[in-house]
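Engineer:
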Amino acid sequence: MHNRPQHFHAQAETALANAELRANFRGAMDYLRDKRKTAFADADEERTIRDRAEAIRQRCLSKLPELLEQLESNCIANGIRVHWAENADQANAIFTDIIQSHGGTLAVKGKSMVSEEIELNHAMEKEGITCLESDMGEYIVQLGQETPSHIIMPAIHKNKRQVAELFTEHVPGFQHTLDVDTLIQTGRNVLREKYRTADVGVSGVNFAVAETGTLCLVENEGNGRMCTTVPEVHIAITGIEKVVEFLADVPPLFSALTRSATGQLVTTYFNMISGPRKENELDGPKEVHLVLLDNGRSQAFADEEMRKTLQCIRCGACMNHCPVYTRIGGHAYGTVYPGPIGKIISPHLMGLEATQDLPTASSLCGACGEVCPVRIPIPELLQRLRHEAKQDPKPGTAPMRGQKAAASNAEAFVWRSFALITSRPVLYRMLTWCATRFRRLIPNKLGPWTRCRTAPKPAARTLRELMAERNK
Amino acid sequence: MSTARTAILDRLRRVNARPLPVKNPDYPIWTSTDREDMLVRLTELLEQNHAEVTRLPRAGLVAALRERVSGAGLKRLATGTGGEFFEEITQALQGTAEQLCFDQPLEQWKDELFNHVDAGITGCHGAIAATGSLVLWPGPAEPRTLSLVPPCHIAILKASTLHANLPAMMTEQGWGRGMPTNLLLVSGPSKTADIQQTLAYGAHGPKELVVLILEDA
Ligand code: SF4
């Protein structure tokens, strides 16, 4: 039932036809944009904080292999066990090993898009391990057997009536209500029981600090703290790009993140984890594991321009400001990361065969690039990916996964003919003469082009002819 | 998975990315050296985030705690086993409410802490005025879950430990040289806006955050 990027066009059409969904997204996006605008009321401040955030991310990426090694050795020194995974299968195998070695059957999970990327919940289910989402939005989405439709607010596509319906169906003893406080209390009660009894807690990572071997987690709800504090084992998973060099790199990124994401000066909790419970401590996990996942990121890293994709701090501002995302919502993309960031990261994670339509789903209006706190040139990258999807790689560079997957002979033929015609004056004049004289012969239906447009009609005379007439 | 490690690092190395020097362009950040300024900002921001803040002299701590505890009808309170305010806390709770000292591993009284405790009391390591955040540095005397599991968290802060902003506090205290197992910024009670962008408090952790600021300490 889950959407796939291969069916993007059909999914987008279905989404567009769903009035309730569009209203939910419209409301949510307006809200988030307003909040961000207030948080960055001062344009100068916005500019300088973006300068700083961009500089930090670029510097840290420029030293990525060294920083990963430094992170690893400092984590180990702190008592954190570090694992590396090339892809989803390897990452899931690591999770299975750890959880089963403790005889665990229930894991509670804080919000982590990387764990969505490896489809952790499904993989664990196959091993007989229940993996319960504990972020309120994720919990709702999981109840409905859906996937998150936004990277910050996973259940943004649902309104409270729809949430109440889900609870009525799935939460025993729930008395139907549209009161949001009561709805949250309902979730709270279910989930608190799970934190208490879970064997393992799973989380993502917002920033991993190489200098000190520290994992930073940004959240408002406290479920992240619950998952990383109460169960005896904590497993954190992150993409390899999330590492930063110094602890001092964290405050500016944290500020850029919260203000861009939800317009907050700061989140309720900022949790810095640098190791398991010590001998004399009375709580906190007895084991902390860190899983470092590549899953296509090193492909993006290899190309200097595409490397900028990895600067992303997952604030979601690009999707909040994207006219396409606002109208079709997150699910239509069929990828873990929707919207502008999804369009530039997914081709690396899943290959261009599967994702070739995504880079074309943009008006290139530039809004995403304009709000991105780390200044990822998203529109340029979209154009670059469009190119890679159709053409051979630049000489001397390695092909992308799925390079040229969208190449079409017909299209190539059209472009070659266009080049031929426009570079030969005689041919060009002949053709435009024909086009103007026989313009009535051009059909009204021109395939997909005329599905929502009227067919173009050439003028009666070419501009050249008109000018010649005038200058006579 | 050491083969994965080698393969990933090899691929990254082969790119030969040129390491960029540390260049940190300045950005404006709220700052002040005036204690009162900082206190006002901290209080305002905490209150905006739904915390309840009281400023008082240290000598008034016992009375304030007592009033707060009986006023809100809190019956069973979890506390640490030490820390700077342990004696005052113990004194305040005597005859007011039942004190449960966190003196055994969490596993041994998880159920009780989750289901039968009304509030947890902790001290603060410091606070940050710029963002209205308390800094908690849990340890054996005041474990992590004290500020997380009970539905109400009472935090005691000495005004003298207030810093203007996070980078200032990190540098002054040399956090980069080594970190405790867990360090936390807390800027309000637990909250969520996940259902139709409607703000609700007490999503998972404390529904209430009570901050007592000792102005002369
Ligand atoms: S690409 Fe930029 S705007 Fe989009 S989520 Fe990443 S950091 Fe935020």
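Residue numbers (UniProt numbering), protein chains in the order written: chain A, 1 to 472; chain B, 1 to 217. By construction, the Cβ of each residue, glycine as well, lies at the ideal position given by its N, Cα and C atoms.
#1: Any Cβ of chain B within less than 7 Å of the Cβ of P251 of chain A?
#2: What is the residue span of the beta strand (DSSP E) that G123 of chain B lies within?
#3: Counting contacts by CB-CB distance shorter than 7 Å, is A200 of chain B in contact with chain A?
#4: Using only alpha-carbon positions, find the residue among A:V114, A:T130 and A:M113 that is nearest to N121 of chain A.
#5: Closest to L93 of chain B by C-alpha separation, out of B:V211, B:P180, B:V69 and B:D216, would be which residue?
#6: Please classify G139 of chain B as buried or exposed, where buried requires at least 16 neighbouring CB atoms within 10 angstroms.
#7: Taking 6 Å as the line, does the beta carbon of C372 of chain A fall inside it for any heavy atom of the ligand SF4?
#8: I need the boundaries of the alpha helix (DSSP H) containing F25 of chain A, first residue and last residue.
#9: Among residues of its own chain, excluding the 5 on either side of A130 of chain B, which ones have a beta-carbon nearer than 8 Å to its beta-carbon?
#10: Measuring from the CB of I313 of chain A, is there a heavy atom of the ligand SF4 at a distance below 6 Å?
#11: Could you list which residues in chain A have their beta carbon closer than 7 Å to that of I8 of chain B, in chain order?
#12: Is Q197 of chain B close to chain A, meaning its C-beta is less than 7 Å from at least one C-beta of that chain?
#13: Under 7 Å, do I99 of chain A and V230 of chain A count as touching if we go by C-beta distance?
#14: Below 8 Å on the Cβ atoms is my guess for L349 of chain A versus E138 of chain A; work out the distance and round it to an integer in Å.
#15: Count the other CB atoms within 10 Å of the CB of G334 of chain A; is the residue buried (16 or more) or exposed (fewer)?
#16: With 7 Å as the limit, tell me which residues of the region 175 to 186 of chain A have their beta carbon closer than that to any beta carbon of chain B; keep them in chain order.
#17: Check whether chain B comes within 7 Å of I378 of chain A, counting only Cβ atoms and requiring the distance to be less than that.
#18: Give a single yes or no on whether G316 of chain A has its beta carbon closer than 6 Å to a heavy atom of the ligand SF4.
#19: If we cut at 7 Å on Cβ distances, does Y31 of chain A have a partner in chain B?
#20: Does any residue of chain D have a CB that is nearer than 7 Å to the CB of L157 of chain B?
#21: Once DSSP output is grouped into helix, strand and coil, what is the label at V336 of chain A?
#22: Count the other C-beta atoms from every protein chain shown that fall within 10 angstroms of the C-beta of V426 of chain A, then say buried if there are 16 or more, exposed otherwise.
#23: Check whether chain B comes within 7 Å of R52 of chain A, counting only Cβ atoms and requiring the distance to be less than that.
#24: Taking Cβ-Cβ distances shorter than 8 Å, what residues in chain A pair up with M170 of chain B?
#25: Using a Cβ-based criterion (distance less than 6 Å to any ligand heavy atom), does I421 of chain A qualify as near the ligand SF4?
#26: With DSSP run on the structure shown, which of helix, strand or coil describes H163 of chain B?
#27: Helix, strand or coil for S133 of chain B? Go by DSSP, reduced to three states.
#28: Does any C-beta atom of chain A lie closer than 7 Å to the C-beta of T31 of chain B?
#29: Please list, in chain order, all residues of the same chain as W449 of chain A whose beta carbon is under 8 Å from its beta carbon, the five residues on each side excluded.
Structural biologist: Taking the geometry as given:
#1: yes
#2: A119 to G123
#3: yes
#4: Minimum Cα distance to N121 of chain A is reached at A:T130.
#5: B:V69
#6: By the neighbour-count definition (other C-beta atoms within 10 Å, threshold 16), G139 of chain B is a buried residue.
#7: yes
#8: A19 to A39
#9: I29, W30, T31, R41, A164, N165 and L166
#10: Remark: the shortest separation between the CB of I313 of chain A and any heavy atom of the ligand SF4 falls under 6 Å.
#11: W84, E86, I240, D294 and S298
#12: For Q197 of chain B, at least one C-beta of chain A is nearer than 7 Å to its own C-beta.
#13: No, they are not a contact pair.
#14: About 20 Å separates the two Cβ atoms, so there is no contact after all.
#15: Per the 10 Å Cβ criterion, buried.
#16: V180, D181, L183 and I184
#17: no
#18: yes
#19: Interface residue, yes.
#20: Reference to chain D is not applicable here, since the protein chains of this structure are A and B.
#21: coil
#22: exposed
#23: yes
#24: L247, A248 and P251
#25: no
#26: strand
#27: Reduced to three states, the DSSP call for S133 of chain B is strand.
#28: no
#29: Excluding residues within five positions, the ones whose Cβ falls inside 8 Å are A455.
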